[in-house]
Amino acid sequence: MFKIGLMILFLQWIVYAHTLPELFQALKHHSQTEVDDLLIQQAKASENMAVSQLYPKINIFAKYDHYTTPTGIVPVPPNNLLSMVKDTSVAQPFSQDILREGISFNMPLFIKSIFTMAKKAKIMEESLNLKRNINLLKNEALIVVSNENLLALEAFQKSLDLKEASLLETKKTLQMKVNNGRAPASALYKLNDGLNQIKIAKNNTMLQKSKITSVIYALTGIYLTSAIDMNLTKGVTKKVFLASLEPLRKKLLADKLETKMQKEKFYPTVSIHGSYSVAQAKAYNNDNHVNEEYGNIGVVVNIPIVNMSMYSQLDLSKVKLKVSKKTFQKMKDELQAQVKMLEDSLGIVNNSIVLYKQNIEDKKQLLKIAKLNYKNTRISTEEYLRYEDDVVFAKAQLYKAKANIVQITMQLAVIYANNIEEIVQ
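Counting with the numbering used here, you get residues 1255 to 1679 for the letters of the sequence shown.
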């Protein structure tokens, strides 16, 4: 009973009809998108690390030191030391074993590069967030295109089924003619070959469907047993700027800030530091217990004069900035050329679809005439099969063109960063 129950659940899962919103939702929670989410968290952590350098560093410490000769617990002014030497009953703050506890702090007052570093980290977080959105759009577009290809393959399978049914119907008539000696047996072999070609085409279609469903599964974790009906509800909204370039533009800005930050490392830095400690020991001169407190606070101005690694880092940041500028311009030129090509192609393919539809109707009419002529032995088997192939081929061209329209639309939607979930329903 348990196995039967599992089988029922499995079959229910198999026949469950999925929807596009369900695939999109699954994509947002799949590893493909979660990796981008983690990169954004990583960038946020880098920003927090940069800002954290502006806060004071406070440490509580305790340490024990053993010295080979008596050592001062705290500095003693000379005048105070002279009075201790004269009065041997006074415990002098010197010992070989000293226990210290205390607190220390350090805080930057002015380090210009830290502010730039934090700003750069913020820009990188924005860049990764934009990149995450673009990647999500690309994957959504890939799901839509894959599903449209599935629809095209299923429609092609139906046309193969119609062709197979037509050949089987013709085969019945031909079989009787062969049996009566009115047609050669070779015609039957040719017809059987045509039926085998249909089976081969169906097998190839199944392989293509398997590849497409594996792509969708890799993005969503969902296996589709059949394509999802969908329609393009509206066209792509064109924008003045190419939104898919925004992540790269943000990265370019971050690289500019990187160069600025490396220059700012040559600026003077100002920081404040201090400490307070309590030292405990036995005085070396009379073994009396000594408990001394000691503290300090100060301001440090640091001016870098010679540091070759800083110059190297600055040169490296300049080279990276040049690479980013060239990469941005290269991507911009490529996308502008792609947009023009896609927009030109859209009109051409739409015109082709109209022609393909008319072509299919013409091919169907020619097939009807060919079937009648073949029945009356006016044309050969090869000629008849050619008309059958023409109808299927014309339909395949139509399905391919429709899938091409969806693919072009999705590419433009990604470039302009349109909401794909609103375009396709």
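Note that the Cβ used here is the ideal one computed from N, Cα and C, for glycine as well.
If you check the CB distance, M1484 and N1605 do not come in under 8 Å. For Q1534, the beta-bridge partners assigned by DSSP are L1353, N1545.
DSSP lists I1526 as the beta-bridge partner residues of M1361.
Of all C-beta pairs linking the stretch 1568-1575 to the stretch 1343-1350, fewer than three are shorter than 8 Å, placing the two stretches out of contact. Within 10 angstroms of the beta-carbon of T1663 lie 16 or more other beta-carbons, which makes it buried. Look at the beta carbons and you see the stretch 1392-1406 not touching the stretch 1424-1432: under three pairs across the two are nearer than 8 Å.
Excluding its 5 nearest sequence neighbours in each direction, S1525 has C-beta neighbours in its own chain below 7 Å: N1360, M1361, P1362, L1363, V1554, listed in chain order. Non-local C-beta neighbours of E1355 in its own chain, meaning closer than 6 Å and more than five positions away in sequence, comprise A1316, V1532, ordered along the chain. Looking at T1635, N1387, L1277, the one whose alpha-carbon comes closest to that of S1440 is T1635. Cα atoms of K1453 and F1410: separation of roughly 13 Å, rounded to the nearest angstrom. The beta carbons of S1578 and K1517 sit no closer together than 8 Å. Contact between the stretch 1414-1422 and the stretch 1535-1544 is not established, with fewer than three Cβ pairs separated by less than 8 Å.
In this structure, K1366 lies away from Y1565, with their beta-carbon atoms at least 8 Å apart. With a 10 Å radius around the Cβ and a threshold of 16 neighbouring Cβ atoms, M1371 comes out buried. In this structure, L1596 and L1666 form a Cβ contact; the two beta carbons are roughly 5 Å apart against a cut-off of 8 Å. In this structure, DSSP gives D1643 a helical state, which the three-state scheme calls helix. At a Cβ-Cβ threshold of 8 Å, I1357 and N1313 count as neighbours. Close CB contacts of G1552 within its chain, under the 8 Å cut and outside five residues either way in sequence, are with I1526, H1527, G1528 (chain order).
Here S1300 has A1375 as same chain residues with Cβ atoms under 6 Å from its own Cβ, once five neighbours each way along the sequence are excluded. Under the 10 Å beta carbon count, F1278 is surrounded by 16 or more other beta carbons and is classified as buried.
Take K1519, set aside five residues on each side of it, and the residues of its chain with a beta-carbon closer than 6 Å to its own are S1367, M1564, in chain order. Contact check for K1463 and L1405: beta-carbon distance about 11 Å, past the 8 Å limit, so the pair fails to qualify.
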